[in-house]
Structures are given as C-alpha cells and as structure tokens.
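Trainee: Residue numbers (the numbering used here), protein chains in the order written: chain A, 3 to 310; chain C, 3 to 310; chain R, 3 to 310; chain X, 3 to 310. Idealized CB from N, CA, C, for every residue including glycine.
Number of protein chains: 4
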Amino acid sequence: MAMTGVLRPGHAQLRVLDLEESVQWYTDVMGLVPMGRDQQGRAYFKTRAERDHNSVVLRQADQAGIDFFAFKVLDKATLEDFDRKLQAYGVKTERIPAGELLETGERVRFKIPTGHTIELYAEKTDVGNGIGYQDPDVDVLDGPGIRPIRMDHCLLYGGDIDGNVKLFTEVLGFTLVERVKLEDGKTDLAVWLTCSAKAHDIAMVRHGEDGKLHHVSFQMPSWESVLRAADIMSVNRVSIDIGPTRHGITQGTTIYFFDPSGNRLETFCGGYDHYPDMHPITWSWEHVGRGIFYHDRKLNDAFLSVVT
Amino acid sequence: MAMTGVLRPGHAQLRVLDLEESVQWYTDVMGLVPMGRDQQGRAYFKTRAERDHNSVVLRQADQAGIDFFAFKVLDKATLEDFDRKLQAYGVKTERIPAGELLETGERVRFKIPTGHTIELYAEKTDVGNGIGYQDPDVDVLDGPGIRPIRMDHCLLYGGDIDGNVKLFTEVLGFTLVERVKLEDGKTDLAVWLTCSAKAHDIAMVRHGEDGKLHHVSFQMPSWESVLRAADIMSVNRVSIDIGPTRHGITQGTTIYFFDPSGNRLETFCGGYDHYPDMHPITWSWEHVGRGIFYHDRKLNDAFLSVVT
Amino acid sequence: MAMTGVLRPGHAQLRVLDLEESVQWYTDVMGLVPMGRDQQGRAYFKTRAERDHNSVVLRQADQAGIDFFAFKVLDKATLEDFDRKLQAYGVKTERIPAGELLETGERVRFKIPTGHTIELYAEKTDVGNGIGYQDPDVDVLDGPGIRPIRMDHCLLYGGDIDGNVKLFTEVLGFTLVERVKLEDGKTDLAVWLTCSAKAHDIAMVRHGEDGKLHHVSFQMPSWESVLRAADIMSVNRVSIDIGPTRHGITQGTTIYFFDPSGNRLETFCGGYDHYPDMHPITWSWEHVGRGIFYHDRKLNDAFLSVVT
Amino acid sequence: MAMTGVLRPGHAQLRVLDLEESVQWYTDVMGLVPMGRDQQGRAYFKTRAERDHNSVVLRQADQAGIDFFAFKVLDKATLEDFDRKLQAYGVKTERIPAGELLETGERVRFKIPTGHTIELYAEKTDVGNGIGYQDPDVDVLDGPGIRPIRMDHCLLYGGDIDGNVKLFTEVLGFTLVERVKLEDGKTDLAVWLTCSAKAHDIAMVRHGEDGKLHHVSFQMPSWESVLRAADIMSVNRVSIDIGPTRHGITQGTTIYFFDPSGNRLETFCGGYDHYPDMHPITWSWEHVGRGIFYHDRKLNDAFLSVVT
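#1: Pull the bridge partners of Y123 (chain X) from the DSSP assignment, please.
#2: If you follow the beta strand (DSSP E) that V35 (chain A) is in, where does it begin and where does it stop?
#3: By Cβ distance, which residues of its chain are closer than 6 angstroms to N265 (chain C), with the 5 residues on each side in sequence left out?
#4: Helix, strand or coil, according to DSSP, for Q89 (chain X) in the structure here?
#5: Run down chain C in chain order and give the residues with a C-beta less than 9 angstroms from the C-beta of P278 (chain R).
#6: Would you list, in chain order, the members of the region 170-198 of chain C that have their beta-carbon closer than 7 angstroms to a beta-carbon of chain A?
#7: In chain order, what residues of the same chain lie with their CB nearer than 8 angstroms to the CB of H297 (chain C), ignoring the 5 residues before and after it?
#8: Cutting at 6 angstroms between CB atoms, please list the residues of its own chain near A63 (chain X), excluding the five before and the five after it.
#9: Does the structure place the region 277-285 of chain R close enough to the region 111-120 of chain X that three or more beta carbon pairs sit under 8 angstroms?
#10: In whole angstroms, what separates the C-alpha of P150 (chain X) from that of T252 (chain X)?
#11: What residues of chain R sit near R50 (chain A), judged by a beta carbon separation below 7 angstroms?
#12: Express the C-alpha separation of Y277 (chain R) and D203 (chain R) in angstroms, rounding to a whole number.
#13: Determine, using beta carbons only, whether S263 (chain A) and L34 (chain A) come nearer to each other than 9 angstroms.
#14: Whole angstroms is fine: what's the gap from R109 (chain R)'s alpha carbon to S24 (chain A)'s?
#15: Which residues in chain R sit within 7 angstroms of R230 (chain A), going by Cβ to Cβ distance?
#16: List the residues of chain A that I234 (chain R) touches, going by C-beta distances under 7 angstroms, in chain order.
#17: Counting pairs of Cβ atoms below 8 angstroms between the region 93-105 of chain R and the region 38-56 of chain R, do you hit three or more?
#18: Pull up the distance between the alpha-carbon of H155 (chain A) and that of L301 (chain R), whole angstroms please.
#19: So, with DSSP's three-state summary, where would you put S286 (chain C)?
#20: DSSP state of G250 (chain C), grouped into three classes?
#21: Can you list the residues of chain R that K74 (chain X) reaches, using a CB-CB cut of under 9 angstroms?
#22: Confirm, please, whether the CB-CB distance from G7 (chain X) to K126 (chain X) is below 9 angstroms.
#23: Between R149 (chain X) and chain R, is any beta-carbon pair separated by less than 9 angstroms?
#24: On the CB-based measure, 16 or more other CB atoms within 10 Å of its CB, does H281 (chain A) come out buried or exposed?
#25: At a CB-CB cut-off below 8 angstroms, which residues of chain R make contact with S241 (chain A)?
#26: Counting contacts by CB-CB distance shorter than 9 angstroms, is Y123 (chain R) in contact with chain C?
#27: Looking at F295 (chain R): is its Cβ nearer than 9 angstroms to the Cβ of I244 (chain R)?
#28: Run the CB neighbour count on D186 (chain X), radius 10 Å, all protein chains shown included, and call it buried at 16 or more, exposed below.
#29: Taking contact to mean at least 3 C-beta pairs separated by less than 8 angstroms, is the region 134-154 of chain X in contact with the region 74-93 of chain X?
#30: Am I right that L174 (chain X) and C197 (chain X) are in contact with their C-beta atoms under 8 angstroms? What's the rounded C-beta distance?
#31: By Cβ distance below 6 angstroms, which residues in the same chain neighbour N192 (chain A) in space, the five residues on each side in sequence not counted?
#32: What is the DSSP secondary structure of M222 (chain R), reduced to helix, strand or coil?
#33: In chain order, which continuous runs of the alpha helix (DSSP H) of length 4 or greater are located wholly inside the region 131-194 of chain R?
#34: To the nearest angstrom, how far is it from the Cα of V237 (chain C) to the Cα of T49 (chain R)?
#35: In terms of alpha-carbon separation, which member of C:N56, C:L158 and C:D69 lies closest to G130 (chain C)?
#36: Should A45 (chain C) be labelled buried (16 or more other beta-carbon atoms within 10 Å of its own) or exposed?
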C-alpha cells in the first residue's frame, strides 16, 4: 500500500495541575469534545473532525508535561512487526493491554533516546465525526471554542536527538523534512520528521534536559481561523507565547500559547506537502530566528527555554 | 516506510488544439512555469511550488483530451515491483525509456479497464521550487496568473470503473475515500481514491465512452486564492463551468473551467485528510447533486456529459 | 459635520407568510438576534454587531415583499429639515408617531416614484452590541447562524427609477455610484446610490411593476464568512439563487438566497469605498451580465424576473 | 448631502533620509504606483486603487517625520467655508497655490495644537485606478509589493490633544470614535476620530514632544493580504515593529513596520463602521495594552516611545 506502517499521531497524554479546571478549558477554550473519563480519572478529548475516540488525554499530576505521545499504525500485523523491529534495534518495548486507554487497542510502548515515551497502536474505536458516512453535510462552525481539525504533531525537547532521528527514520519509517544546524554547521539543533506527506508529524529540539515537551500542536483550517483562535485566547485571557505569525520552517502560520498548567500548545495552519523522495531543507544558525518565527526574524527567549 | 509504493500524481499529458495559444494560456492565465519543449514539440510546465521538472505536458492534436496520467513511485525498486505485480495481475505493461519525457526516468505504462493510459515512474529531475533547500524565504505571490500549488489529481470517465477500483486498490495500493451509488443503490457511479493521506489522488465516473477526461485538478492555498483564480478567469474571459463553490464530496472548494481546447480544469482548495484505516463515505443517488455541488445541490448539465 | 443628513439604512419591514416559521429561520439560519414583538404581532431583529434596537421587522401577510425601508438621519432637526424639503419637492409625507415601531422615534414616511414606501427617522434606542462601550472584547463567532454584521442595503424594482434617482440625489443627498444602461445606451436599467462612503446604501432596477423587492442585503466580514454562509444555507436546505460569487458592480462578493416566504436576501462582503467627489461607473447593456455576476458573466433568469 | 465637509485623508508628505532608496522601497516593497516628481525633487505615489493623482509625497531631509497631512473636502465652496471657520476659531491659515503639489488644487494649511501641519484641499486630478469608469474588470493582484487599497489615516503624537479634539470636532466636523484614558481616569492619552463612517481617519496620542508622527496607515483588503504583507516585509528584511495582530481599539488587524528612514507605517484591515450618532468607546489605563494590541495584551516598548 501507499500509506503503510505508521499512519499518523494518534494521542497525547498530558499532565495537568488541576483536572477539573483543565477539562473546562480544553472544552470551552480549545473547543475539544469531551469523550469521558476512565477509572484512573483521566479525561479524554477528541476534535470534532477526528473520527477515532480520543486524541488528547489529561492526567492530574504535580507537574505539567507529557506522559506519552502515540502513533496509529496501519493494522495489528504492522504493530507486531514494529515491535519486533524495535526489539531487534535494541529498544525495549512494553505491551499495554487493550482498554487501558478508553476505546484503544493494545499499545506497544517504548522510550526514545531523548527519554520520551512513545506508543504505537493499531486500534481505536471509530466514533465518527458527527456528519456520518452516508450523504454527509459540512460540519459548520456553530459554537464556542477554537475547534481545531486534529491533534497534529508535537515538538519534544531532549539530549540525544541524533538517536531519535536514527530510530524514527531507520525503524519507524519517518522522513526528515527540515533541520536547523547549530553554529558549528554540523550538529542538528532541531529536526522535523514526517510519517506521511505532511511537513511534520513530530519534531525535536536538542536540549539539556531529557523528556521535555515544547508543544502539542493542533491543525486549523485557515489563516482566518488562526485569527479567531487568537481572539478566543484573548477573550479568555489565555497566555499567548507568540503569534499569530508564520514559521519559516514548514511555512505554516501559528500561535503558541499555554494551557492553564503551563503546557505549550500550538494552533497552526498550512505547511507544504512533503513526500519521501523530497530533499530536506536545512537552516543555518545564522537564519534560525527567521526559520522559527518568519516575521519577527528572531527567537523569543521562551522558545529555547520554556518547556514542561 | 510510512509512505511507500505510489507517492503522488506526477504528470498529465494533455492534447490541445493550438499549441502556441495553449502555451501562452497555461503560462499567463494558469500561471504555470514553462519548462521547455522536446523534440516532438511537446510543451512542459510545472507549478512554482513543485520541485520536479514537470507536471503538465501539452501535445498539439486534432482532438482535446488526456494522453496519459502518471504517478511517481518511491524508487526504482518499487517501479520494478509494480511492473511485476501488474503483469501478474494480467495487465500488459510497456516500458517507456528514460528521457522520452524531458528530465523523466523510465516509465511503466499500462491501460486501465476504462481505457485510460496510466504511467508509473520513479525519477524526475528535482529542479527545485525557486526558494532553495538552504534558509529559504517564502515564495510570495508577485505576478500574474492563477499559480496553483500543484497538479493534484484527475477525474476520468469510462465504462468499467469497478475494474479500475480493483486494480488501483489491489495492485497499486490506493484506498477508497468516497463513492456515489446509482439509483439501484449498488452500482458505483463514481469513486474517489487516494494513494496518500489526501481526499483524492484520482477519481473516476462511470460513462458510456472509454478513455475520457472530466478534469485535471490543481490545488490552491486558500479559499481567497480560489476567488482570485475566478477573477483571473473572468478578466481573461475564460469559460467557467461552475464555481467558486464547494464539493460535498471531499468538502473542498472548487472552480471548474475550460482551457482554450475545451479540456476541463479545476482549481480547488481543502478537502479532509484520509488515511487507509478510515471508513469511506457513500453518497446515494438522491443526494448526488449536493455531493458534487454542495451549494447548488443539483448537478449542472455539463457535469455528467461534457468530457474530452 | 462630515457625515450629516441621511446616515445609513436603519430598518426594513418584510412581509412573511408564516411568522413563527420565519422567526425561527431568521434566528437560527440568519443568526439575527430576536428583539421582541409588538402589539401588532410584528417580530423584531437586529444583527449582533448593530447597536440600535432593530433593523429587520417581520410582519405576517398573505404575500411576501417589503412594506417599507428606512434610513436613520443625523438628528431630529435633520428629520424636520428633510420633511420640509420633501414637501417642497412635491412629495407628500406622513408622520408615524414614536413607538409605533418598538424603540423607534417618530418617522417621516413617503412614497418614492417607483411606489415603494421609504421612511426617515432620527432616533432608535441604542441597546449596544453586547461588548459594551468600556474596554470591550472582540465578539468572536461562537454560535449557529450566518451572523451578518449589519442590514446594509436593499435593491428595489419599479418603473420610474429616474424619478427615484432625482429624489434621492437632489433631496436626500445621495450620490450615484454605478449605473447600467439599457440597449439604447441612454436609459438607466439600474442604479446604485450611496448616502455615505459605501458602494451602495440603496439600489433600483427598472421593472414593469412598481413596489417590488429584489433583495435586502446583509454585510459579512470576509469572503470566508460568505462561504460559511453558503454552507449554512445548504445544511438548512435554504434555496440559493446564486453564489458564492462576485459582482462586477461594486466588486463585492455575494450570495443571493430566499427566506421561507420567497423574499430574496443577500449576504455580501467587500465593495469599494465611494465618496461624493468620485466619478460614477457605467455599464453598457453588452456587459451587464459580467457587471451583475462577474464570474458567470451572464444574468441568470431569476435576476430580472423573480421579485416579491 | 450625506457626506459633506471633510471627505477623507488625501495626502501625507513624509521626510525620508535617502530619496532614491525610498522611491525604490515605496515602489517595490509597498507596491505603490510612482506618479512622478516635482521641481523640488519630491516623489509622488498613489495606491493602485486610488483615483486621485497622489496620496504619498516623499521629501528628502536630514530627519524623518511628517511635513503635513491633508484632507480632501467636498468642493471649493467647502474649502472656503472651512478657511473662514478656522480663522473665526482663531486658527491662522495659509493658502498654498494650486500646483505647488503636482495635480493638486489650492490648499488651506494650518497648524493644530499639537504642532502638526494639516491641509485641506478640494481638487486633485482624477487619474483613475486603471480599470476605468466604463464596464471595468477587477484589478487582480498580479505583481510584487504590498499593494494597499488606500492611504487611510495617520496617528500623530503631541502635547495638546485636547485642543486637537476640540478643533477637529467643533470646526472640522469629525466625530470621536474611541479614546484611552490615563491612570487618572479623566485625561485622554489617545483619541481616534473619523470624518466619515470609518473607525478612524486620524488619531492622536498625548506625548511630550510636539509635531511627531507615530505612523501613516494603509488599508488592506483582507487578513490574508495582511499576512502576505508581513511575508513581503520579511523577504525584504523590513523592520517589523509588531504584527500581524489585532487592535482592540477599532478591532482592525494590523502590522506596524518601518520605512528605510525609520518612519513607522501600518498595513491594516477591518475596523467597524462608526456613524456620528454612535457612542464612543472608552479604554481605561488598566486595559490599554489589550486595547492597542489585542493578542499580546501589553504595550511593547516602542509603541509609546518610538516616533519620527
């Protein structure tokens, strides 16, 4: 098949400091659909347009951050195959039984060189996007909240991003889309990788501390909807890091902002298509400011330092 | 790898009645980049954002229509593999030597059940999109013409679309995204198929005559750029079939219009992402009008009858 | 003062065949704010962004159409002044007492040469647009319905539009913005007039029958919101006359559609600014199709014939 | 008439440090149309959509800033009338003969309490906007540069803005649209005034030094064109102060940036209609950050300090 192996980002489990406040915020401000809670008390969400049961899982904790980020793979055989390949590559994997996350099949969990926990799974209940599979109408915007299209990708911070790139490209079939070099012109400061034809399904920045989250990103349908997202943030006094603006890297438009626990989120739109036959784009240290924030053309202090 | 096999539509060779007039029109009105001519006199074009050497090839002929539509595959080994699989499936293939099309590698050519000629190839020279692979800027709209992002897909008309679907899904790894049923509720009138995560890389409508072209489609970056395309068409007195409007099927926004030879083209934007784990959408005959043209909610006469 | 005399369209009273159905429709589909009913049973509406109490008044009747269209003038002295000028010009005026329409001051009512009833008034209660006059937030789109910015203008059909133009320009201070000539190159088929710096505050088309309504128009904030309006119409199976498309005249983008009683409404965006020192634009009969519908470049049958 | 007196901002004469560099920049980056030079060497520009001969005049000087800002009035009688009223009010006026500025009639020049030079004039040659007054087409974006619709307004800095407000409202017929109060809740820090139905035709901020320019502003047709403007600025390494973002005041979207001489310019879109019967909006000191920059919700250092 043309799309095989790892299909797309599937779910992210985030730690929040006050679950009830966060449930309210992800519902009312982000405009996500609450999909219930499990016995551990975790709260589940999906976007309206997503068909699978959940994509964002919130867990109450003392410290914000990301517990794990998961990718859906084509089918169960693919899942077994990846488990074998990961082990053969020297990565220790763990099986999380079906149902441990609501409406989600068995997961293969493993740690990547930057210390983050990644999961693969093949099954999550298709609950639909509300317009059905027969003679559907358009799902017109008709309520409050930012209402992104999908949970799209994340940007992780940690030490050994070279190890990550090797693992994601050689074992998981990802392709390098863009990279930023440090002042030495050789070492990668940051990389953007895709498992499909998007500009990014995951990205990583080299950082002193392992296991850190820079942001989880949500796709918006248009630059105008990015403006509406910024307006909603201001009406709700949400802390905005930067934006609306454009990235040079991926060329998508963007807002970075923070959930009530300090986890950075992104609403973005656009970004070019990237296929595995395409040449990656490289940014030199001299141009990294313009690469990250195309209009300001300089990094803000927060970009390289504030993570959860 | 995650994206393997057939990657994307690569080139379409169209027949035009007056080559010089057409070259002018595809350059000035469509805003495509002329990429030279070959010894046969064929004229080559790409969009500005496309990196490979060409995506539209024009050939002077007495009758408009499409000579062939081609898909780029991952690499040469994949090309060989598809040739073997096609032959094993009972499809006769032909090898077109590298260079027969400018800057294009060897092609595997075959006829599909609806009588259209399809090609696969693995190599086409990367000439870049003008912004480079090192510290690029944004390619801002700064000149005349519609300037689509990419040659995106085509819609073919012919008799045995069931045979096409079987071939594209079983041999070429495509996935069914949407379908329209005839009044009997069983027979497919039309199908939309993808080889990636787009809403369509090719589509087919059941039709009395084989080998016909309904339209070749070009992707636009925004609904506002679709409006600009319509304005450009009117300034240039281009014949518009319908639009700007929205499709119910794929939910993309669209204009159908005709090149000077009567070949229907489309400029479209949007359409949801479709992955191979997703359920296809089915349209009943009763709702086909809304499916094709979401706002008019009825087919215009031309949609089912005017083809080249 | 710079803006004096007639300020802007203020309210339109429309006849509807089924009041309850219409109230539901203007609330849910148009997204207007219901502002109560009066003792005669008339239903009042305003857009969210309008500050004055009402702009659309619905009256149950056996036949659809418009009872009257009103303009707000600067103040009571201006109202008195216009009454005197109208009478001096030979127009018979009538005083409608304050309160006859909810929250609306005294109105000066008169018939124009095409048989339509026009009103002037100076006072309507400022109920605000919900964001207040102190440190306001943006009123973000957060609910169902088309939600236009304002009731913007109307297009009336009748015989003596020359008489109308003379009255509106010589007595009421309007300016001619655009005109369409009949085949003789002399007679006006249609005229667009402004009392401010908009492309139109009222328009008229020459027609065999007096007192007819072509459409009442509502302003939208963007071309993207025009698309959303069209989607909402289709989700609600509203009868769409034409659009989304662009007018050559005024260059605004537009949808014409019908309320449940058959009154044509318009949602439009854009149109250039026109000041009284500017030259009007003239359209010849040969180009009228492109003038009315810039992309189709021909009139549809309904434009010249279907009125209420 | 409905629109009388002062119609709109007409021209701004800016001082630039290097005329040739500036002519290039206003042509290529701003996308203004060069309209020739006069005997003093001043360079003239208009936007493509403006019909009058010029709206921006550049003069080489040792220090950046604004020489004068002018408003077009309805006609010569109005000009005479304003001259009389200004003198009666105690403002000394000066007559600048027709032709002193290219294609511009006689001007009435005077100083306002904040030390800025303001001009009124009734005549400037209508050179048209290139699409003509007979059967026009749409002027589709087909070249480089930001290409605003019009020179729209300016924001001036100086001491006695109370005196300015009194002069503009009592003599020139302007209306107060929005105001920001200082911490005392009484003194105006800033005011926005209109002579038409726009959210602002001129604005002023209280400042220690008289005669200063904060910015001259150009209207853009859409939020998407504001993004394109920001992209063009970055491609050309133009210094961007802030944006793209939204103002709380007027609710328009905006970018502030600097010409090569350090004069701040703005490209903005939107802003609500304001008529003279409408209540002004007041911002308290506590909310001024959100009022100026709706998304950042704080003033940047430059806003209150950097002027030319």
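Mentor: From the atom records:
#1: Indexing the fourth sequence from 1 puts residue 123 (chain X) at position 121. In DSSP, Y123 (chain X) forms a bridge with X:K74 and X:R109.
#2: Taking the first sequence and counting its residues from 1, the one referred to as residue 35 (chain A) is at position 33. Following the DSSP letters along the chain, one finds V35 (chain A) inside the beta strand (DSSP E) bounded by residues V35 to R39.
#3: Counted from its first residue, the second sequence places residue 265 (chain C) at position 263. Here the set comprises L16, A66 and T310.
#4: Within the fourth sequence, residue 89 (chain X) is the residue found at index 87, counting from 1. Reduced to three states, the DSSP call for Q89 (chain X) is helix.
#5: The residue given as residue 278 (chain R) occupies position 276 in the third sequence. P278 (chain R) does not reach chain C, its nearest Cβ partner there being about 28 angstroms away, counting only Cβ pairs nearer than 9 angstroms.
#6: Residues G175, F176, C197 and S198.
#7: Taking the first residue of the second sequence as position 1, residue 297 (chain C) is located at position 295. Closer than 8 angstroms at Cβ, skipping near neighbours: T247 and R248.
#8: Your numbering for residue 63 (chain X) matches position 61 in the fourth sequence. If we look at A63 (chain X) and ignore the five residues flanking it on each side, its Cβ neighbours are R17.
#9: In short, these stretches do not touch, since the Cβ pair count stays below three.
#10: As a first step, residue 150 (chain X) must be located in the fourth sequence, where it is residue number 148. As a first step, residue 252 (chain X) must be located in the fourth sequence, where it is residue number 250. Going from the Cα of P150 (chain X) to the Cα of T252 (chain X) covers about 18 angstroms.
#11: Walking along the first sequence from the start, residue 50 (chain A) turns up at place 48. Those within 7 angstroms of R50 (chain A) in chain R number zero; the least Cβ separation is about 14 angstroms.
#12: Along the third sequence, read from residue 1 onward, the residue named residue 203 (chain R) stands at position 201. Along the third sequence, read from residue 1 onward, the residue named residue 277 (chain R) stands at position 275. Cα to Cα, D203 (chain R) sits roughly 12 angstroms from Y277 (chain R).
#13: Here residue 263 (chain A) corresponds to residue number 261 of the first sequence, with the count starting at 1. Here residue 34 (chain A) corresponds to residue number 32 of the first sequence, with the count starting at 1. Going by C-beta atoms, S263 (chain A) is not nearer than 9 angstroms to L34 (chain A).
#14: As a working note, residue 109 (chain R) is residue 107 in the third sequence. As a working note, residue 24 (chain A) is residue 22 in the first sequence. R109 (chain R) and S24 (chain A): Cα-Cα distance of roughly 53 angstroms.
#15: Numbered from 1 along the first sequence, position 228 holds the residue referred to as residue 230 (chain A). Proximity of chain R to R230 (chain A) at the Cβ level (cut-off 7 angstroms) is accounted for by V142 and L143, in chain order.
#16: For the purposes of this step, residue 234 (chain R) is identified with residue 232 of the third sequence, where counting begins at 1. Correct list: V142.
#17: Short answer: they touch.
#18: To locate residue 155 (chain A), count along the first sequence from 1; it is residue 153. To locate residue 301 (chain R), count along the third sequence from 1; it is residue 299. Take the alpha-carbon of H155 (chain A) and the one of L301 (chain R): they are about 48 angstroms apart.
#19: Residue mapping note: residue 286 (chain C) aligns to position 284 of the second sequence, counting from 1. In the three-state reduction of the DSSP assignment, S286 (chain C) falls in the coil class, being assigned neither a helical nor a strand state.
#20: Along the second sequence, one-based indexing puts residue 250 (chain C) at 248. G250 (chain C) falls in the coil class under three-state DSSP.
#21: Residue numbering aside, residue 74 (chain X) sits at position 72 when the fourth sequence is read from its first letter. Chain R residues near K74 (chain X): Y277 and D279.
#22: The residue given as residue 126 (chain X) occupies position 124 in the fourth sequence. The residue given as residue 7 (chain X) occupies position 5 in the fourth sequence. Going by beta carbons, K126 (chain X) and G7 (chain X) fall outside the 9 angstroms limit.
#23: For the purposes of this step, residue 149 (chain X) is identified with residue 147 of the fourth sequence, where counting begins at 1. No, R149 (chain X) lies away from the interface with chain R (no Cβ there is under 9 angstroms from its Cβ).
#24: The sequence position of residue 281 (chain A) within the first sequence is 279, counting from 1. Per the 10 Å Cβ criterion, exposed.
#25: Mapped onto the first sequence, residue 241 (chain A) falls at position 239. Within 8 angstroms Cβ-Cβ: nothing; S241 (chain A) doesn't reach chain R, min ~16 angstroms.
#26: Against the third sequence, residue 123 (chain R) aligns to sequence position 121. Judged by the 9 angstroms Cβ criterion, Y123 (chain R) is not in contact with chain C.
#27: Translated into positions along the third sequence, residue 295 (chain R) becomes position 293. Translated into positions along the third sequence, residue 244 (chain R) becomes position 242. In this structure, I244 (chain R) lies closer than 9 angstroms to F295 (chain R) by Cβ.
#28: Indexing the fourth sequence from 1 puts residue 186 (chain X) at position 184. Around the CB of D186 (chain X), fewer than 16 other CB atoms lie within 10 Å, so the residue is classed as exposed.
#29: Touching, no, given that fewer than three Cβ pairs across the two stretches are closer than 8 angstroms.
#30: In the fourth sequence, the residue the question calls residue 174 (chain X) occupies position 172. In the fourth sequence, the residue the question calls residue 197 (chain X) occupies position 195. The pair is a contact, with the Cβ atoms about 7 angstroms apart (cut-off 8 angstroms).
#31: Locating residue 192 (chain A) in the first sequence gives position 190, counting from the first residue. It is Ala, not Asn, that sits at residue 192 (chain A) in the sequence shown. Exclusion of the five residues before and after A192 (chain A) leaves V182 and V207 as the residues of its chain whose Cβ lies within less than 6 angstroms of its Cβ.
#32: The residue given as residue 222 (chain R) occupies position 220 in the third sequence. Taken through DSSP and simplified to helix, strand or coil, M222 (chain R) comes out as coil.
#33: Whole alpha helix (DSSP H) segments, 4+ residues: 163-172.
#34: For this step, residue 237 (chain C) is matched to residue 235 along the second sequence. For this step, residue 49 (chain R) is matched to residue 47 along the third sequence. Rounded to whole angstroms, V237 (chain C) to T49 (chain R) spans 35 angstroms at the Cα level.
#35: Numbered from its first residue, the second sequence carries residue 130 (chain C) at position 128. Out of C:N56, C:L158 and C:D69, C:N56 has the C-alpha closest to the C-alpha of G130 (chain C).
#36: Here residue 45 (chain C) refers to the residue found at position 43 of the second sequence. Residue environment: A45 (chain C) is assigned as buried (16 or more neighbouring CB atoms within 10 Å of its CB, all protein chains considered).
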